[in-house]
Amino acid sequence: MVFTHDDYTVAWICALPLEMAAAKVMLDEVHPPLPQPETDHNVYTLGRVSSHNVVIACLPGGVYGTISATAVASHVVSTFRSLRFGLIVGIGGGVPRPNTDIRLGDVVISKPTATSSGVIQYDYGKTLRDGRFQHTGLLNKPSPVLLKAVSQLESDYITGKRLVSKILIDIKHKYKEMRESFSRPKDDWLFRPIYNHKDGEHNCSACDQTQLVNRSVRTTDDPYFHYGLIASGDQVIKDAKTRDSIAHDLDILCFEMEAAGVMDELPSLVIRGICDYCDSHKNKQWQGYAALTAAAYTKTLLSVVPMSCHKKKLQKLWEPVQVVPFRRNPQFIGREEEITRTEELIIQKNGPDRIALCGLGGVGKTQIALELAYRMRDRDPECSIFWITCTSYESMEQAYMSIALKLGIADIKPAEVKEKVKAYLSQECAGKWLLLFDNADDIGIWSKDNTNHSVLRDFLPQSNQGHILFTTRSRKVAVKLVSSYVITITEPDTETAVKILQNSLVEKALLYDYGTAIALLERLVFLPLAITQAAAYINENSINLSDYVKILQDQESDVIELLSEDFGDERRYKDTQNPVALTWFISFQQIQRSNKLAADYLSLMACINPRDIPQSLLPQPNSTKKGIDAVGLLKAFSFVSEDSRDCSLHLHRLVHLATRNWMRKNQQFSPQILKAADRLNEVFPNNAYTNRKMWRGYLPHALSLIAEADFQKEQKRYINLIVNIGRCLYSDGRWKEAEELGIQEMELCKRVLGPKHPDTLSSVNNLALIYRNQGQWNKAERLAIQVIELRKQVLGPEHPDTLSSVNNLVLIYRNQGRWKKAENLEIEVIKLHKQVLGPEHPDTLSSGNNLSSIYRNQGRWKEAEELGIEVMELRKKVLGPEHPDTLGSINNLALIYWNQGRWEEAEELELQVMKLRKKVLGPKHPSTLTSMNNLASTYRTQGRWKEAEELGVQAIELRKQVLGPEHPSTLTSMNNLVSIYRKQGRWKEAEHLGIQVIKLRKQILGLEHPSTLTSINNLVSIYRNQRRLKEAENLGMQVVELRKEVLGPEHPSTLTSINNLTYIWKQLGKVQDTLTLIKKRPELGHNSWGQDHSHTISSSNTLTGREIAMNSLSKKPNQHTSAKASLPLTVYNYPFKQMKLVHELITGGKRRVIKRFFMRR
C-alpha cells in the first residue's frame, strides 16, 4: 500500500535516541519514508501501531527543552496535516510523595484538572511585588478521545488486566540485543531530601544507606501507573529541595523538559517513564527501562483509541496563528471611538494596509492595540495575529524568531528571519493576518540613516489579506510609515478616566470623594498610565486620594518624568522603567523638608529589619509630641504601619529598599549605619531574665545591623553590643547563632584587648558554655580547661569568675557521664563559693543544684532530693519563683521523684515547670523542650502511652528543629520514644528506632557513656519481648558488665540490667543462675532504690513466687510431671569461647564479659 502524508494521524515525539529506540520496537509495521518540504529538517520514522498510522520524530541530538520541542512539533504539524493528536513519550523525573508511591520504572500520564491541561510550564510566569512567583498561561488540553482512552486503560488495570507487562516481556524476547540496556535494574534507592549524593561517584554505591527512605516492598516488579500533573520547563531538576518546593506548590507528579513546547502546537498527551527522583542522586541506570515502560503504555493506549472513520478533508495550506505577549485586559474601559475608527480602516475595501496609533507616552496606545487584537480574533477566527515589540532591537529580533517558529519556518539564521517572515506573509496562502509593531518610537530603526542595523521598513510584508498597525509616540515615525493614516490618541475623557481609576483601586469607597478624585485626575493630566501608577501607590499604602494629591502639589512639572520611570505592570514590558521609585523619592524630599526627626526615623529603620520595630528603639526626642508627630508623618505617607497589639512599626519592604538606595545616592548610608549602631549600643539590654521581652524585640534588628559591611568595618567600637547580643541569643537557646557570634566576639576581643584580658576570657568561657549546650562536649572541655588555667593566672584561683569556669567544667563532666569526677570537683567549688560569695549567692546555689543533679545521675536519690529541695527553696527566696534557675531546680526535683518511682509527684512538678517555662522562656526554648520530654517519660511510666507518644514525637520534632537531629537531647527524646513503642508492644518500630539511637550515641557520646548503655539496655528488653532470647542474653550480659564498670554494681541502672537478665535466664530455663540473681537483686535494690521503690517491691515479690516454684522443681527431679502441670526448665551451660562476646552494635568497643558472674563450669 502506498501511503501519503495525510494517512498519518498520530504524532509520537521523543527527546532522546533511547526513547526513539523504545518507540520503534513498538511499531507493528514499519512504512517507507515520504518526501518532505525543504524547510522541514526533522527525520521521521513512519509505521503502524494497532489501527493507527504513526509518525515518530525525535529532537536534535544534544538540543533539548521547550524551544527545540516547539520547532520539531511545528514541522511535524506543517508536514503531516491530518494529525489528530500528539503523544510526548519518554523519560522523566518522579516526585515521591506521601500519598503517591512513585517508584523508578513507573509511568506518569498527564491528566487535566479544573485549572490545568495536565502539563504546567512551571518556569513561565511573573514575579510579584512581594517576591512571589506567579505562574501564568494555560497550555492546550489533550484530545478528548485520548482522555477517554486513558480512563479505559485505568479501569482495565483495576480489573487486573496487565497488557503493559505482557508487551515488556514480548519485547525482551523478540529483541535480545536490547536486554542489557532496557532491562529493569535491581536497585531503586530513594534518599532523604536533605541527603546529597557523594561527589565524584557515578552511582550511589558509596552513599549512606541509612539515609534511604523506608518504603514498603512491592509484591511485583511490574510498573505502576500514575495520573496527574506534569511540570515542564527548560532546566534539569537535580535537587530534592527544589523538586519538593515546586511540586508542593503545584501538586506535581513528574518533571520533564519538552511538553510545554508541544502542547500549544498539537494537542498532546504526555507519558513519562520515571528514571530518577530529580535529586542529586540522578543517574542513567534506569533510563532504558523507563523509556521502554512509557513506550509500552503508549502502545497499549493506542490499542484502545478508536480509529477515525470520517473521510479525509482537503487541508488548508495555512492555519491561523496568534503571537501576542499579553493576555486580554479585563479592566479595559472606553476608547470605543478610536477602536471603531481603526477597525473600519482595516476592514475597508481597498483601504490602507498600514495604520498608526500615535500619542503621548502613557496615554494608552498599547492597551488600545491589545484590545483591538483580541476583538479582531473574536470577529474573524481565521485571522492570524502577530505582535512585535519595538522597545529594543533585540526584542524585535526575538519576536521575529517566535513568529517564524509559529509559522513553521525553522533552522534559519537571525539575519534571515525578517526576510523569511516577510516572504511568508506576502504569500496568498498565508491567509488573513494583522501585524502589530508596538512602541515604534525610534526613528533610527526605520530610517535609512541608521548604518548599524538593517532598515526594518524594507522588511514589512505586503498582502491584500494583511494589515500592519503601529503604535508610536513619534508623529514623525507615524507619518513616515503610514503617510496620512494616523489616528491620534489623546487623554480619555473624564468619565473614562474615573472608570480607569475605579477599576484600579482596591477600596472603591475612596471615589465617594468625587471632587478629590477629579482633582487627582487633573493633576495626572488624565494619563491612563499615571492613573494606574497612582492607584497602585494608594493601594499599597492605604492612603486617601487627597494624600496623593498633596504629594504631587510641588511636582506638577515633573509628572511626565514620574511616569517614565520603572513601574511594574503585568501588561507592560519587563524592560520598561517603573515610576514608583521616583514617587518615593518625591516623598523622601517632602519628609526631609517638613520633619527632620521623621527623616531620621526613616533612615534608622532602613538600617535594621523592616518588620516589628519597637518604638522604644527609635531615638527619643525631648518632647513626646515631637516623637508622635514624626511617626504620624511616616504613617500618613503609609511608609509605616502600626501593630495594634504591641504598637510596633512595620516599614514597607520596598520603601525599606528604596530608602537605602536613596541614602546611598546621597552618600548617607554608612553614617546612618553607625548612627543606628550607636542607638542600639545605647539601648540594647543585658541578658537578665527580666529583660527577655525587650531583648527579643530588639534582637532581629541588632542581628540585621551587625551583618552590614559598614558595621563590620567599625565593630571594634561596639564590642559591648556584640557581647550583649550573644548573651541574649544564648539565654534564648539559639545556640547555633550564639556560637557564630561567640567565635566572632572571641576573635575580636583577642585582637583588640589581648588573649588574657578578663573580657577575652569571658568570651572564651561563654563559647565553652555554648558548645556544652550544643552537645559538643569535647570542644567545651578543652576550652573550659584553658579558661580555668588562664583565669587562675590572671584573676586568682578563688576569684568568682574562676569558680564559674570550674563550675562549667563540672557541668561538662556531668554531661559526659563522668559523675565521680564531676562530684569531687563540684564539692570543692561549693566550698569555695560559700567562702567567697556566701551560701545564698546565685552562683553558690547553681553549684548546689549541679551537685544534686550529679547525685541523681549516680542513683543517690535521697541525697539528691534533700539537696535539691534546699536549693529550690533558696532560689525561690533569692531569685523569685519564676526565675529560669528556680525552674531548673524544680525540674531537677521532678526528675528525682521520677527516678524514685514517685510519678504522680513528678508529673505535678513537671506540668508546673513546663507551663512556667513556656511563659517565661517560650514554647521552643531548649529548657521547655526538656520539660516536655520529661513529662512524656512520666506518662510512659504511668502507662499513659498515647499521651506519652504524642508528647514524645512533638519533643523530637521540635528538638530536631531547634537543636539539630544529632544533638544529645534529641537522641534522649528518640530513646524515650523507643521505650514508648516497646511498652505498646510495637517492637519492630522500637527496634528500628533503638538501633538508630545506639549508632548515633556511640558516634557522638561513645560506647561507655551512660546514655549509650541505656539505649543498648532498651534493645535487650526489645529482643526479650520478641523472644529473641539468645540475642537478648548476649547483649544483656555485656550491658551489665559495662554498667558495673562505668556506674558501679549498685547503681540503679546496673540493677535494671541485672533485672532484665533474670527475666531472660528464667525464660531460657537457667534456674540456678536466675535464683542467684533474684536473691541478690532485692538486697542491692534496697540499698540503691530504697525499700519503698516499686522496683525493690517488684523484685521481692518476684523472688517469693519464683523461688517457691523453682525450688519445688529442683527438689523433685525424678518425679514424673505431666506437660500440663508444668513447663520444663532447661539449664544451659555455654563454654566461654563459644559465646558471642560482643554484639554487632557495639563492635569496636572494649570486649568484656564477666566470667565469674555469668559463667558456670
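Be aware that the sequence shown starts at 6, since it is given in my numbering, and climbs by one per residue.
Positions of the beta carbon are idealized from the N, C-alpha and C atoms, including for glycine.
Everything numeric in this text was worked out from a predicted model, so none of it was measured.
query, result
"Outcome for asparagine 854 when other beta-carbon atoms lying within 10 angstroms are tallied against a minimum of 16", "buried"
"Rounded straight-line distance, which links the Cα of glycine 906 to that of glycine 1090", "Low local confidence applies: a pLDDT of 48 at glycine 1090 is under 50, so the model's placement there is unreliable, and no value is given."
"Identity of the residue in Val112, Ile1069, Lys839, Leu1047 nearest isoleucine 1027 by Cα", "Ile1069"
"Any chain D beta carbon closer than 9 Å to valine 1044", "Included in the structure is just one protein chain, with no chain D present."
"Valine 329, enclosing beta strand (DSSP E) - first and last residue", "It is not in any beta strand (DSSP E) - valine 329 carries neither H nor E in the DSSP assignment."
"C-alpha distance - leucine 795 paired with cysteine 754, whole-angstrom precision", "15 Å"
"Valine 222 burial status per 10 Å Cβ neighbour count (16 or more: buried)", "exposed"
"Residues of its chain near valine 150, where Cβ-Cβ distance is below 8 Å and the 5 sequence neighbours each way are ignored", "Arg89, Phe90, Val310, Pro311"
"Reduced DSSP secondary structure (H/G/I, E/B, other) of valine 59", "strand"
"The segment 24 to 35 contacting the segment 190 to 205, beta-carbon criterion three pairs below 8 Å", "no"
"Exposed unless 16 or more other CB atoms sit within 10 angstroms - verdict on glutamate 387", "exposed"
"Limits of the beta strand (DSSP E) - the one that cysteine 259 falls within", "257 to 261"
"Residues bridged to isoleucine 114 (per DSSP)", "Tyr232, Ile276"
"Histidine 178 burial status per 10 Å Cβ neighbour count (16 or more: buried)", "exposed"
"Minimum C-alpha distance to leucine 474 - residue among Asn1030, Ala435, Thr14, Met381", "Met381"
"Sufficient close CB pairs (3 or more, under 8 Å) joining the segment 98 to 108 to the segment 144 to 163", "no"
"Assigned secondary structure, arginine 1 (DSSP; H/G/I helix, E/B strand, else coil)", "Absent from the model: residue 1. The displayed extent of the chain is 6 to 1166, so no value can be given."
"CA nearest to the CA of aspartate 848, picked from Arg880, Glu875, Asp651", "Arg880"
"Own chain partners of aspartate 563 with C-beta closer than 6 Å, once the 5 adjacent residues on each side are dropped", "Confidence at aspartate 563 is low in this model, with a pLDDT of 43, below 50, so its placement is unreliable and no value can be given for it."
"Anticipated Cβ contact below 8 Å, serine 1020 with arginine 1006, distance rounded", "6 Å"
"Close-in-space but distant-in-sequence residues of the same chain around asparagine 614 (CB under 7 Å, 5 per side omitted)", "Pro705, His706, Ser709"
"Three-state secondary structure (DSSP) of threonine 9", "coil"
"For arginine 665 and phenylalanine 674, believed in contact at Cβ under 8 Å, the rounded distance", "7 Å"
"Contact between the segment 712 to 729 and the segment 625 to 634 (3+ Cβ pairs under 8 Å)", "no"
"Cβ neighbour criterion (16 or more within 10 Å) applied to histidine 253", "exposed"
"Per DSSP, the bridge partner or partners of tyrosine 49", "Ala62"
"Continuous beta strand (DSSP E) stretch holding leucine 656: start and end", "654 to 656"
"Cysteine 434, buried or exposed, once every other Cβ within 10 Å from all chains shown has been counted against 16", "exposed"
"Check whether leucine 1066 and glutamate 1036 have beta carbons under 9 Å apart", "no"
"Within the segment 836 to 909, ranges of the alpha helix (DSSP H) (whole runs, at least 4 residues)", "847 to 862, 866 to 883, 889 to 904"
"Under the three-state DSSP convention, the category cysteine 19 falls into", "strand"
"Whole-number beta carbon distance between valine 124 and leucine 306, since they are thought to touch under 8 Å", "The pair is not a contact, with the Cβ atoms about 17 Å apart (cut-off 8 Å)."
"Isoleucine 338 and isoleucine 505 closer than 9 Å at C-beta", "yes"
"Simplified DSSP state of glutamate 786, which is helix, strand or coil", "helix"
"Leucine 758 versus aspartate 764: straight-line alpha-carbon distance, rounded", "8 Å"
"Classification of lysine 418 by the beta-carbon crowding that lies within 10 angstroms, buried from 16 upward", "exposed"
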